[in-house]
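J.: Quick note on the working numbering: the sequence shown kicks off at 5 and runs consecutively. We put the CB at the ideal spot given by N, CA and C, even for glycine.
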Amino acid sequence: MTNTEQTTQNMTSGNSMKQIILFFLPLLWGNLFQQLYSLVDSIIVGKGISDQALAAVGATGTLNFLILGFVVGMTRGFGITFAQSFGKNDMAMLNAYIRAAKKLSITFGIAFTVVCVSLLNKMLTFLNTPEDIFDDSYRYFAVILLGIVVTVMNNLEITILQSMGDSRTPLTAMICSSLVNIMLDIIFIMAFGTGVVGAAVATVVSQFVSYLLCLKKLRTIDFMSLGKDTSEIADEKNILVELMKIGLPVALMNSVTAAGAMVLQYFVNLMGSAYVAAYSACMKFASLFEQFGMSVGLSMMTFVGQNKGAGKYDRIRTGVRQGLMLSTLVNVPISLLMIFVPGSLARMLLTDNMIIGYCTDFMPIMGISFFALGWLFVYRYSVQGLGNTFIPMLSGGLEVIMRLIFGFLVGRNGFKGIAISEVSAWIGAFLMLMVTYYCLIGKRTKVI
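1) Taking only runs that begin and end inside the segment 358 to 393, name each unbroken alpha helix (DSSP H) of 4 or more residues, in chain order.
2) Is it buried or exposed, residue 17, if we count other Cβ atoms within 10 angstroms and call 16 or more buried?
3) Can you tell me whether residue 323 is buried or exposed, with buried defined as 16 or more other CB within 10 angstroms of its CB?
4) Does residue 227 come out as helix, strand or coil in the three-state DSSP assignment?
5) Taking residue 110 as part of the alpha helix (DSSP H), name the residues at either end of that continuous run.
6) Which residues in the same chain as residue 58 place their Cβ atom closer than 8 Å to its Cβ, once the five residues preceding and following it in sequence are excluded?
7) Give me the Cβ distance between residue 67 and residue 127, rounded to the nearest whole Å; I'm assuming they're in contact under 8 Å.
8) On the CB-based measure, 16 or more other CB atoms within 10 Å of its CB, does residue 235 come out buried or exposed?
9) With H, G and I counted as helix, E and B as strand and the rest as coil, what does DSSP make of residue 82?
10) Residue 255: which of 84, 420, 186 sits nearest, CA to CA?
11) With a 10 Å radius around its C-beta and 16 neighbouring C-beta atoms as the bar for buried, classify residue 436 as buried or exposed.
12) Excluding the 5 residues flanking residue 376 on each side, which residues of the same chain have their C-beta closer than 6 Å to its C-beta?
13) In whole angstroms, give me the CA-to-CA distance for residue 418 and residue 168.
14) According to DSSP, simplified to helix, strand and coil, what is residue 316?
15) Helix, strand or coil: which one does DSSP assign to residue 236?
16) Give me the Cα-Cα distance between residue 296 and residue 137, rounded to the nearest whole angstrom.
17) Measuring straight from C-alpha to C-alpha, what distance separates residue 359 and residue 151?
18) Taking the C-alpha atoms as reference points, what is the distance between residue 420 and residue 341?
19) State the Cα-Cα distance for the pair residue 135 and residue 199, rounded to the nearest angstrom.
20) Give every residue of the same chain whose Cβ lies closer than 6 Å to the Cβ of residue 399, excluding the five residues on either side of it in the sequence, and list them in chain order.
21) Among residues of its own chain, excluding the 5 on either side of residue 179, which ones have a beta-carbon nearer than 7 Å to its beta-carbon?
22) By how many angstroms is the C-alpha of residue 195 removed from the C-alpha of residue 388?
23) On the three-pair Cβ rule with 8 Å, is the segment 302 to 313 touching the segment 81 to 98?
24) State yes or no: is the C-beta of residue 171 within less than 7 Å of the C-beta of residue 31?
25) Going by beta carbon distance, what residues of the same chain come within less than 6 Å of residue 13, once the five residues before and after it are set aside?
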């Protein structure tokens, strides 16, 4: 068996549930280790510096989602074409897509770095970032923005591997990068006292380590020709346009969803830095816990994409049903934790009892609704795997509308209202994507 056969996985035949689980488990652990970057930053910043420093880092969360979510979402959209080409066993076209995707990713990464660094002060001001944390928020996120190219290229390499059914190599890369992140956090913050800037530098460096490891693996795969000219296979200009058509809606979906999160961040910022710290802690755990459902969803995108390329719609239906079942099972313990021990979770990041009390009001509301978030991911990524990225983009717009409506209706009336606004967005988008999936799969025709 060749090295390639051991790591890539064709999901168009065999036991679908077994394949989904085998792909899901490394993907889950990889995503958890990736989230560990953020969680370790929060623990060390909160405990090693102050709760105020944690609030400063947390205040950039929605901007991070808005900006990095766009470029990372675009690479994830490119992965749909990779998976479908792999499912068709068209390796020449797969290479052409990858080569063009690298050019687009670097171009967008550089452009976003220049524009966003120059506008960072205005963006933080627009969000009403509290004055007592403004400077730390600026310094932290400026470093993150300077590493956009590293972040986007790391995520592209991961997407390439995952689209071919390899979730083990990204897992290895993320574990290594997480260990680097932890080590550098301790050195920069605890030993050298660099403050929030040290946490940001550690995050960027760890992303670069992951990128190098994934790139090294890709260069060992026999049918990859990343350094070769693919212009004879297809017109590169047409490939670039096709990638933009499928990648931009995914990128916009992430950014539009982030815009909705910014609405809630705006209301929280008006409450003061104590609520910002509580909200940051709650969303850190939400981001960590949602990796379970998101990993199931990403598994479905690869599974559906490959089977879409092979034209196996009955297999897609079976796989999605199994994905929904798996998503429900993995979210049971998470919901129980958020409902019954929110205070214990909050104490991992915070020291102020008043702020911890705010978290105990917020997290149980999210815990009750976490199943809807998991189902949302299954349907969203399945629809994307079918090749339709427009409706998922619209679902992001619906999340913004739901957050705006509930933010004005109940979000201004207290911290619990902010939680209700958040989960309303999940439920609305889930229902929209569920209906879309069943409409598309019922046609049994090519989905564009």
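T.: Put simply:
1) If we require 4 residues or more, the alpha helix (DSSP H) runs fully inside the segment 358 to 393 come out as 374 to 389.
2) Numbered from 1 along the sequence shown, position 13 holds the residue referred to as residue 17. The residue in question, residue 17, is exposed, as its Cβ has fewer than 16 Cβ neighbours within 10 Å.
3) Position 319 of the sequence shown, counted from the start, is the residue given in the question as residue 323. With 16 or more Cβ atoms within 10 Å of its Cβ, residue 323 is classed as buried.
4) Taking the first residue of the sequence shown as position 1, residue 227 is located at position 223. If DSSP states are grouped into helix, strand and coil, residue 227 belongs with coil.
5) For the purposes of this step, residue 110 is taken as residue 106 along the sequence shown, with counting starting at 1. Unbroken alpha helix (DSSP H) run through residue 110: 95 to 130.
6) Numbered from 1 along the sequence shown, position 54 holds the residue referred to as residue 58. Spatial neighbours of residue 58 in its own chain (CB-CB distance under 8 Å, excluding positions within 5 residues in sequence) are listed in chain order as 46, 49, 50, 281, 284, 285, 353, 354.
7) If you number the sequence shown from 1, residue 67 lands on position 63. If you number the sequence shown from 1, residue 127 lands on position 123. Indeed they touch by this definition, with Cβ atoms about 6 Å apart.
8) For the purposes of this step, residue 235 is taken as residue 231 along the sequence shown, with counting starting at 1. Note on residue 235: pLDDT 49, under 50, position unreliable in the model; no value is reported.
9) Position 78 of the sequence shown, counting from 1, holds the residue named residue 82. Secondary structure at residue 82: helix, using DSSP grouped into helix, strand and coil.
10) Within the sequence shown, the letter at position 251 stands for residue 255. Nearest option by C-alpha distance: 84.
11) As a position in the sequence shown, residue 436 is number 432, starting the count at 1. By the neighbour-count rule (16 or more Cβ atoms within 10 Å), residue 436 is buried.
12) Position 372 of the sequence shown, counted from the start, is the residue given in the question as residue 376. 430, 431, 434.
13) As a working mapping, residue 418 is identified with position 414 in the sequence shown. As a working mapping, residue 168 is identified with position 164 in the sequence shown. Near 46 Å, if we compare the C-alpha coordinates of residue 168 and residue 418.
14) Locating residue 316 in the sequence shown gives position 312, where the first residue counts as 1. Coil.
15) Your numbering for residue 236 matches position 232 in the sequence shown. The pLDDT assigned to residue 236 is 49, lower than 50, so where the model puts this residue is not dependable, and the model offers no usable value.
16) As a working mapping, residue 296 is identified with position 292 in the sequence shown. As a working mapping, residue 137 is identified with position 133 in the sequence shown. Going by the C-alpha atoms only, they are around 32 Å apart.
17) Here the question's residue 359 lines up with position 355 in the sequence shown. Here the question's residue 151 lines up with position 147 in the sequence shown. Those two C-alpha atoms are separated by around 32 Å.
18) The sequence position of residue 420 within the sequence shown is 416, counting from 1. The sequence position of residue 341 within the sequence shown is 337, counting from 1. Rounded to the nearest whole angstrom, the C-alpha separation of residue 420 and residue 341 is 18 Å.
19) Sequence index remark: in the sequence shown, residue 135 carries index 131 (1-based). Sequence index remark: in the sequence shown, residue 199 carries index 195 (1-based). Computed Cα separation, rounded: 17 Å.
20) The sequence position of residue 399 within the sequence shown is 395, counting from 1. Around residue 399: 433, 436, 437.
21) Working through the sequence shown from its first residue, we reach residue 179 at position 175. Same-chain partners within the cutoff: 37.
22) To locate residue 388, count along the sequence shown from 1; it is residue 384. To locate residue 195, count along the sequence shown from 1; it is residue 191. Going from the Cα of residue 388 to the Cα of residue 195 covers about 45 Å.
23) yes
24) Taking the first residue of the sequence shown as 1, we reach residue 171 at position 167. Taking the first residue of the sequence shown as 1, we reach residue 31 at position 27. Yes, they are a contact pair.
25) As a working note, residue 13 is residue 9 in the sequence shown. Closer than 6 Å at Cβ, skipping near neighbours: 169.
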